[in-house]
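Undergrad: Note that the numbering used here gives residue 164 to position 134 of the sequence shown, counting from 1, and the numbers run on in steps of one.
Heads up, the beta-carbon is just placed ideally off N, CA and C, and yes, glycines get one too.
Keep in mind that this is a model prediction, so the values were computed, not measured.
Can you read through this structure? Questions will come right after.
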Amino acid sequence: MTKILMVCLGNICRSPLAEGILKSKLANTSFLVDSAGTANYHEDNPPDHRSIAVARKYGLDISKLKARQFTVSDFDTFDFIYVMDASNYNNVIKLARHDEDVKKVYRILNEVYPNQNHDVPDPYYGGDAGFENIYTMLNEACDYIAKKLKQ
């Protein structure tokens, strides 16, 4: 089984949305998809209501997900770790114990725009349009990821 982790700051906006999107594109018998945050601000909380709403708009239910913090043991558990932005990348890399850990960490939008290191903007302090925008970005990135993983 291939295991994929999506990571953002608080694990209530971008990463649970990415988790839900990627799960919808992969067979759950061959893949495990999870999400985490680099901070523990929202531990055990459900996703932001705006992430839940935009997911629901596209037929996905992420309402039962619970936020958790990224831990060093995630390097042992997961094969691929996708981060949403430069800050998340740096925070995850700081916890890496060796090169094998670092090799598992990817900027998610590099799947769509290789080596350009674009960020998925954090929509938390914005309006509903920001959540729609990140859904579109993450859906496209997850199409690329799913295609690659299925090969």
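Could you give the distance in angstroms between the alpha-carbon of GLU182 and the alpha-carbon of LYS53?
TA: Missing from the structure shown is residue 182; the chain here goes from 31 to 181 and no further.
Undergrad: Since LYS134 and PHE110 should fall inside the 8 Å C-beta cutoff, what is the C-beta to C-beta distance between them, to a whole number of angstroms?
TA: The residue labelled residue 134 in the question sits at position 104 within the sequence shown. The residue labelled residue 110 in the question sits at position 80 within the sequence shown. So it is a contact: roughly 6 Å between Cβ atoms.
Undergrad: If you follow the alpha helix (DSSP H) that TYR119 is part of, which residue opens it and which one closes it?
TA: Against the sequence shown, residue 119 aligns to sequence position 89. 116-125 is the extent of the alpha helix (DSSP H) around TYR119.
Undergrad: Within 8 Å, do at least three Cβ pairs link the stretch 31-43 to the stretch 57-76?
TA: yes
Undergrad: In angstroms with no decimal places, state the Cα-to-Cα distance between ALA69 and ASP115.
TA: The sequence position of residue 69 within the sequence shown is 39, counting from 1. The sequence position of residue 115 within the sequence shown is 85, counting from 1. Approximately 14 Å between the Cα atoms of the pair.
Undergrad: Put ASP64 into one of helix, strand or coil per three-state DSSP.
TA: Here residue 64 is taken as the residue at index 34 of the sequence shown, counted from 1. If DSSP states are grouped into helix, strand and coil, ASP64 belongs with the strands.
Undergrad: By Cβ distance, which residues of its chain are closer than 7 Å to GLU73, with the 5 residues on each side in sequence left out?
TA: For this step, residue 73 is matched to residue 43 along the sequence shown. ALA97, ARG98 and GLN99.
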